[in-house]
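In my numbering, the protein residues as written are 3 to 175.
For reference, the structure discussed in these notes is given below.
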Amino acid sequence: MQGKKVSESKTIMTEMVMPNDTNPMGNLMGGNLMKWMDIVAAICAGRHCQSQVVTVSVDHVSFQKPIMKGDVVTLEAVVTRAFNTSVEIFVEVFACDMKGGNPRRCNHAYLTFVGLDDVSGKPKIVPPVIPLSREESDQYEDAARRRELRLILSGKMKAKDATELRTLLEVND
Ligand SMILES: CC(C)(COP(=O)(O)OP(=O)(O)OC[C@H]1O[C@@H](n2cnc3c(N)ncnc32)[C@H](O)[C@@H]1OP(=O)(O)O)[C@@H](O)C(=O)NCCC(=O)NCCS
Numbered sequence: 003m004q005g006k007k008v009s010e011s012k013t014i015m016t017e018m019v020m021p022n023d024t025n026p027m028g029n030l031m032g033g034n035l036m037k038w039m040d041i042v043a044a045i046c047a048g049r050h051c052q053s054q055v056v057t058v059s060v061d062h063v064s065f066q067k068p069i070m071k072g073d074v075v076t077l078e079a080v081v082t083r084a085f086n087t088s089v090e091i092f093v094e095v096f097a098c099d100m101k102g103g104n105p106r107r108c109n110h111a112y113l114t115f116v117g118l119d120d121v122s123g124k125p126k127i128v129p130p131v132i133p134l135s136r137e138e139s140d141q142y143e144d145a146a147r148r149r150e151l152r153l154i155l156s157g158k159m160k161a162k163d164a165t166e167l168r169t170l171l172e173v174n175d
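Next up, the structure:
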């Protein structure tokens, strides 16, 4: 299957924090931000896979900086690597005020999606990713270790079968 460049599926989504999106302190509620992250990542994954996709896992999400009512939130999603039927998507979240003031990077996360066959609705083979820049290559390499870690944590892989993680731990010994 022909590979696809990261730039072919890069997705940018911009939202404004409305009163309905906030918690009682007037900050963007975490659950609403996670919803936007899931949507931008799903669009990116769908563009890469050229099919319907479903979220199969979301890695650790931490909320480093509050986002206030009226702020403009920009979410950027890129594919880091495709495996067999799944793709890993990296999402970064930035916020600023309406005039572009107080720009800040608020959080990031890795999400994994599975591409589904249009007819059967079952997982299907997805196109490989072609990393071009140094950053894309680093993300591509590291994705194999992140995949093993999340499969172990979700009980889908035994720790003893994790070849990529073992290499990492041996290097750091
Ligand atoms: C996603 C789903 C189709 C996978 O079906 P499945 O029978 O578990 O299929 P598999 O075990 O073959 O896994 C499919 C892929 O998901 C990956 N995967 C499964 N569980 C995972 C997890 N917890 N974290 C990361 N990847 C996971 C597998 O490694 C495999 O990827 P690969 O083919 O690239 O190696 C199925 O679990 C499902 O429908 N889940 C619900 C999805 C959903 O409703 N999401 C929220 C709404 S969009």
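Yeah, the Cβ is synthetic: ideal placement off N, Cα and C, and Gly gets one too.
Worksheet item: What three-state label does DSSP hand residue 104 in the structure shown?
Response: coil
Worksheet item: By a C-beta neighbour count over all protein chains shown, 10 Å radius and 16 as the cutoff for buried, is residue 50 buried or exposed?
Response: With a threshold of 16 other beta carbon atoms within 10 Å, residue 50 meets it and is buried.
Worksheet item: So, residue 150 versus residue 137, is the Cβ gap smaller than 8 angstroms?
Response: Taking C-beta atoms as the reference points, residue 150 and residue 137 fail to come closer than 8 angstroms.
Practice prompt. Measuring only between beta-carbons, confirm whether residue 43 sits less than 8 angstroms from chain C.
Written response: Although the question refers to chain C, the structure presented lacks it and comprises just one protein chain.
Worksheet entry | Expected contact under 8 angstroms - CB spacing of residue 8 and residue 80 to nearest Å | Rounded, the Cβ-Cβ distance is 5 angstroms, consistent with contact.
Discussion item. Can you tell me where the beta strand (DSSP E) holding residue 44 begins and where it ends?
Written reply: Counting along the chain, residue 44 falls outside any beta strand (DSSP E), though it belongs to the alpha helix (DSSP H) covering 32-51.
Practice prompt. To the nearest angstrom, report how far apart residue 64 and residue 109 are at their CA atoms.
Written response: 7 angstroms
Worksheet item: Hey, quick one: how far does the beta strand (DSSP E) through residue 77 stretch, first residue to last?
Response: 74-84
Worksheet item: Cβ of residue 43 within 8 angstroms of Cβ of residue 93?
Response: yes
Worksheet item: Under the rule that 16 or more other beta-carbon atoms within 10 Å means buried, what is residue 102, buried or exposed?
Response: exposed
Worksheet item: Looking at the structure shown, is residue 54 part of a helix, part of a strand, or coil, going by DSSP?
Response: DSSP places residue 54 in strand when its eight states are reduced to three.
Discussion item. Can you look up residue 114 in the DSSP assignment and give me helix, strand or coil?
Written reply: strand
Worksheet item: What first and last residue would you give for the alpha helix (DSSP H) that runs through residue 150?
Response: For residue 150, the uninterrupted alpha helix (DSSP H) run begins and ends at 136-155, by DSSP.
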